[in-house]
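Numbering (the numbering used here), first residue to last: -5 to 105.
Ideal placement from N, C-alpha and C gives every residue a C-beta, glycine not left out.
Written out as structure tokens, the structure is:
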């Protein structure tokens, strides 16, 4: 019988009195990350029973809008890369990449 390994990823959220995130920190010790600060976090979890995505989208109140735009663009690019690895659907991945290029162009993001 093979031994299973458990890996832990931890998210810590410091909220103000109105429950708005002021600080976000994360740790993933297997990846060498320990209590690193973040300005935004998007987490998606697939619920197979309900056939739906559960989401946590958080950002600190001092997250600059220009960084949020870059964060979204880079997340979309990463999602298209992940989609290709998961499905091998090159045609749809190319369509997603085209949208990422369009998104960056419309937001005037530098590559």
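Since residue i is in the alpha helix (DSSP H), which residue starts that stretch and which ends it?
| i | result |
| --- | --- |
| residue 61 | 59 to 81 |
| residue 56 | Looking at the DSSP string, residue 56 is not in any alpha helix (DSSP H), and its letter there is neither H nor E. |
| residue 100 | 84 to 100 |
Who are residue i's beta bridge partners in DSSP?
| i | result |
| --- | --- |
| residue 18 | 7 and 32 |
| residue 41 | 46 |
For residue i, which residues in the same chain have their Cβ closer than 6 Å to its Cβ, ignoring the five residues on either side in sequence?
| i | result |
| --- | --- |
| residue 1 | 24 |
| residue 31 | 19 |
| residue 17 | 8 |
| residue 55 | 14 |
| residue 101 | 63 |
| residue 28 | 21 |
Determine the contact status of residue i and residue j, defining contact as a CB-CB distance below 8 Å.
| i | j | result |
| --- | --- | --- |
| residue 5 | residue 35 | yes |
| residue 3 | residue 22 | yes |
| residue 74 | residue 91 | yes |
| residue 39 | residue 48 | yes |
| residue 89 | residue 77 | no |
How far does the beta strand (DSSP E) with residue i in it extend, from its first residue to its last?
| i | result |
| --- | --- |
| residue 46 | 46 to 53 |
Counting only the same chain and skipping the five closest in sequence on each side, list residues whose C-beta sits under 7 Å from that of residue i.
| i | result |
| --- | --- |
| residue 61 | 33 |
| residue 116 | With the chain represented from -5 up to 105, any question about residue 116 goes unanswered, as that position is not in the structure. |
Among residues of its own chain, excluding the 5 on either side of residue i, which ones have a beta-carbon nearer than 8 Å to its beta-carbon?
| i | result |
| --- | --- |
| residue 64 | 103 |
| residue 45 | none |
Taking 7 Å as the cut-off, does the CB of residue i come closer than this to any heavy atom belonging to the ligand NAD?
| i | result |
| --- | --- |
| residue 4 | As far as ligands go, the structure on display features none, and thus does not contain the ligand NAD. |
Inter-stretch contact (C-beta, 8 Å, three-pair minimum) for the region 55 to 74 and the region 92 to 100: Flag = yes, the region 55 to 74 and the region 92 to 100 touch.
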